[in-house]
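K.L.:
Got a structure for you, written out below as structure tokens; questions coming shortly.
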Amino acid sequence: MILAKTGNEALAYAMKQINPDVVAAYPITPSTEIVQLFSNYVADGEVDTEFVPVESEHSAMTACIGAAACGRRVMTATASQGLALMHEMLFIAAGLRLPIVMAVASRSLSSPLNIHGDHSDSVASRDSGWLQFFCETVQEGYDALIMAVKIAERAYLPAIVAIDGFILSHCQERIETLEDGAVREFLGQPRPNYNLLDWRNPILVGPATLQDYYFEFKRSEIEGMNRVLPVIEEVQQEFGQKFGRYYPVLEEYRCEDAEAVLVVMGSACGTCRVAVDQLRAQGKKVGLAKLRVFRPLVHAILKKSLARFRRIGVMDRVDAVNSYGGPLFTEITSVLYDLPERPAVFSYVYGLGGREFTPEDARMVYEQVLSGKKDELVTYVGVR
Amino acid sequence: MARKLKGWQELPCGAIITDMQAVKENKTGAWRSQRPVWSREKCRQCLMCWIYCPDSAIMIQDGKVVGIDYDYCKGCGNCASICPAKAIEMEKEKK
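As given, the protein sequences belong to chains B and U, one line each in that order. Residues 459 to 842 in the working numbering are what the first sequence lists, from first letter to last. Residues 21 to 115 in the working numbering are what the second sequence lists, from first letter to last.
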């Protein structure tokens with residue numbers, strides 16, 4: 459069915475079709491609507507979900523962890539300070555290998571207070587052991603949320619699906635939705651490792667592991683992340699074959715003979731596509747590498763793709779304060795470090811706190827990358 | 021106590037413990053600065069202490085309280101404060 463939906467509406471609709479067993483959430487802009495709309499589905503009896511309205515995001519994630527440890531399919535949504543308040547529990551969800559799926563309407567972090575979109579919240583959670591998917595469009599957010607449930611449950615890892623706050627969360631787009639039955643059939647039943655409520659087989663969840671075992675458990679968790687890429691590709695292939703929409707983890711747009719390529723995550727990919735088309739029309743060889751999957755970091759794919767280019771700009775919608783470039787920039791440069799001939803890589807930070815990022819800005823960045831000249835380590839696009 | 025430690029590839033996904041012996045091995049009673057002392061004479065066997073003990077340190081036999089397991093009791097005093105018969109008193113832990 460073709461529908462007009464905002465990002466929040468689309469994710470709430472996907473959640474309805476997923477029909478999770480438990481949703482525990484606390485409202486926070488710009489993700490509030492996702493759970494607000496979903497609670498309508500609960501109230502109207504359209505889903506079987508046990509809805510837990512908690513008193514904070516910390517409790518929301520805690521309730522999700524408890525429910526997921528009981529082998530249930532569990533989801534939540536949050537943003538910004540809410541995600542920051544969950545921070546402690548994010549590590550616990552990942553360490554317990556619980557496949558919780560969380561929609562994040564990415565937003566800046568205070569202070570100063572700002573409710574608009576950037577990647578400060580999601581990227582700040584990157585080392586928590588959660589999978590992270592960044593979406594370009596509302597359609598992609600809808601599809602990614604459904605796929606994330608399957609990926610998370612196959613890999614026993616929690617997953618964040620991030621749509622840019624307000625830019626996607628509150629803007630309406632035309633989306634092609636799936637049938638309820640098709641979503642249910644695609645996802646099947648969860649296959650939990652264990653169930654905390656199975657009193658015939660008592661288990662202990664969340665033990666203390668001191669110097670003797672903590673390192674080994676972390677090593678095993680890291681391996682879970684190291685091995686997840688084939689699972690992601692498998693689920694995406696399956697989704698593509700069934701529903702005709704396939705999203706590669708790294709999509710190259712007009713990159714064949716490109717002399718300058720930008721690596722971008724999230725909704726700015728669309729802006730950069732426009733700039734690429736405009737510059738290509740002027741005969742300038744530019745391309746876009748859209749990175750959908752931020753965690754796991756797809757080293758091999760990034761290396762193979764980016765090694766062919768001479769000049770690369772990396773776009774971060776968040777700053778890693780006082781680091782050697784934006785967060786994605788430092789990851790891309792370390793991926794490319796051991797190449798015999800390294801491309802020149804430039805760091806751009808843009809769009810903080812919802813600052814507009816226009817095709818004109820993108821063209822300016824492309825021109826600068828093409829010229830190969832940079833004055834500063836990081837260029838802050840559009841800052842006065 | 022010498023036991024062979026497992027390598028990371030031998031561990032259960034998500035650190036789930038199915039062998040409850042692991043908890044028994046990890047004695048936590050040494051945290052205590054106060055110890056509950058139970059009086060058999062005053063005890064009415066209402067089992068409130070058993071319900072409220074966060075460490076399962078109230079020893080039960082045949083449905084009756086028979087004492088306190090000091091290997092695991094952390095000395096929180098919940099049992100003493102909940103006991104309606106004042107059969108449990110907190111005493112300073114001896115060095």
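Virtual Cβ for every residue (Gly too), placed ideally from N, Cα, C. All figures in this text were calculated on a predicted structure; none of them were measured in a lab.
Under 8 Å by Cβ, that's how I've got residue 102(U) and residue 69(U) pegged, so tell me the actual separation to the nearest angstrom.
P.N.:
One-based indexing of the second sequence puts residue 102(U) at position 82. One-based indexing of the second sequence puts residue 69(U) at position 49. The Cβ separation is near 6 Å, so the contact holds.
K.L.:
Taking the straight line between their C-alpha atoms, what separation do you get for residue 50(U) and residue 113(U)?
P.N.:
On the second sequence, residue 50(U) is found 30 positions in, with the first residue counted as 1. On the second sequence, residue 113(U) is found 93 positions in, with the first residue counted as 1. Whole-angstrom Cα-Cα distance: 10 Å.
K.L.:
Nearest CA to the CA of residue 547(B): which residue from 495(B), 523(B), 636(B), 465(B)?
P.N.:
Here residue 547(B) is taken as the residue at index 89 of the first sequence, counted from 1. If we check each option's Cα against that of residue 547(B), 523(B) comes out closest.
K.L.:
Would you call the CB atoms of residue 34(U) and residue 614(B) closer than 8 Å?
P.N.:
Taking the first residue of the second sequence as 1, we reach residue 34(U) at position 14. Taking the first residue of the first sequence as 1, we reach residue 614(B) at position 156. Cβ distance < 8 Å, so residue 34(U) and residue 614(B) count as in contact.
K.L.:
What residues of chain B sit near residue 33(U), judged by a beta carbon separation below 8 Å?
P.N.:
For the purposes of this step, residue 33(U) is identified with residue 13 of the second sequence, where counting begins at 1. In chain order: 555, 614, 651, 678, 682.
K.L.:
By the three-class DSSP mapping on this structure, what secondary structure does residue 806(B) have?
P.N.:
Start at 1 with the first residue of the first sequence, and residue 806(B) comes out as number 348. Under the three-state reduction of DSSP output, residue 806(B) falls in the strand class.
K.L.:
For a cutoff of 8 Å on Cβ pairs, would you count residue 49(U) as touching chain B?
P.N.:
In the second sequence, counting from the first residue as 1, residue 49(U) sits at position 29. Not closer than 8 Å to any Cβ of chain B, the Cβ of residue 49(U) fails to qualify, so no.
K.L.:
Taking the alpha carbon of residue 712(B) as the reference point, which residue from 699(B), 693(B), 732(B) has its own alpha carbon closest?
P.N.:
Locating residue 712(B) in the first sequence gives position 254, counting from the first residue. Measuring from the Cα of residue 712(B), the nearest candidate turns out to be 732(B).
K.L.:
Residues in the segment 648-672 of chain B with C-beta within 8 Å of chain U's C-beta atoms, listed in sequence order?
P.N.:
Residues passing the 8 Å Cβ filter: 651, 652, 659, 660, 661, 662, 663, 664, 665, 666, 667, 670, 671.
K.L.:
Examine the ligand MN and report whether any of its heavy atoms sits within less than 7 Å of the Cβ of residue 626(B).
P.N.:
No copy of the ligand MN appears in this structure; indeed no ligand is present at all.
K.L.:
Since residue 690(B) and residue 609(B) are thought to touch, with beta carbons under 8 Å apart, how far apart are those beta carbons, to the nearest angstrom?
P.N.:
By 1-based counting over the first sequence, the position of residue 690(B) is 232. By 1-based counting over the first sequence, the position of residue 609(B) is 151. The Cβ separation is near 5 Å, so the contact holds.
K.L.:
Within a Cβ cutoff of 6 Å, which residues of the same chain sit near residue 457(B), ignoring the five residues on either side of it in sequence?
P.N.:
The structure shown does not extend to residue 457(B), since chain B is modelled only from 459 to 842, so the question has no answer here.
K.L.:
How should residue 769(B) be labelled, buried or exposed, when 16 other C-beta atoms within 10 angstroms of its C-beta is the threshold for buried?
P.N.:
Residue 769(B) sits at position 311 when you count from the first residue of the first sequence. Buried, since its Cβ has 16 or more Cβ neighbours within 10 Å.
K.L.:
Taking C-alpha atoms, which residue in 718(B), 684(B), 553(B), 759(B) lies nearest to residue 667(B)?
P.N.:
As a first step, residue 667(B) must be located in the first sequence, where it is residue number 209. Among 718(B), 684(B), 553(B), 759(B), the Cα nearest to that of residue 667(B) is on 553(B).
K.L.:
Can you confirm whether residue 37(U), when its beta carbon is compared against all beta carbons of chain B, has any partner nearer than 8 Å?
P.N.:
Taking the second sequence and counting its residues from 1, the one referred to as residue 37(U) is at position 17. For residue 37(U), the answer is yes, since a Cβ of chain B falls inside 8 Å of its Cβ.
K.L.:
Can you tell me which of the three DSSP states residue 55(U) falls into?
P.N.:
Along the second sequence, one-based indexing puts residue 55(U) at 35. DSSP places residue 55(U) in strand when its eight states are reduced to three.
K.L.:
Buried or exposed: residue 474(B), going by 16 or more other Cβ atoms within 10 Å of its Cβ?
P.N.:
The sequence position of residue 474(B) within the first sequence is 16, counting from 1. When all chains shown are included, residue 474(B) counts as buried.
K.L.:
Run down chain U in chain order and give the residues with a C-beta less than 9 Å from the C-beta of residue 814(B).
P.N.:
The residue you call residue 814(B) lines up with position 356 of the first sequence. None at all; the shortest Cβ gap to chain U is about 43 Å.
K.L.:
Quick one: is residue 787(B) near chain U, going by C-beta distance under 8 Å?
P.N.:
Along the first sequence, read from residue 1 onward, the residue named residue 787(B) stands at position 329. For residue 787(B), the answer is no, since every Cβ of chain U falls outside 8 Å of its Cβ.
K.L.:
Output the distance between the C-alpha atoms of residue 573(B) and residue 479(B), rounded to the nearest integer angstrom.
P.N.:
As a first step, residue 573(B) is located in the first sequence; it is residue number 115 there, counting from the start. As a first step, residue 479(B) is located in the first sequence; it is residue number 21 there, counting from the start. Residue 573(B) and residue 479(B): Cα-Cα distance of roughly 30 Å.
K.L.:
Can you tell me which of the three DSSP states residue 474(B) falls into?
P.N.:
Working through the first sequence from its first residue, we reach residue 474(B) at position 16. Residue state, collapsed to three classes: helix.
K.L.:
Which of the three DSSP states, helix, strand or coil, is assigned to residue 720(B)?
P.N.:
Position 262 of the first sequence, counting from 1, holds the residue named residue 720(B). Note: residue 720(B) maps to strand in three-state DSSP.
K.L.:
What residues in the segment 539-550 of chain B bring their beta carbon closer than 9 Å to a beta carbon of chain U?
P.N.:
none
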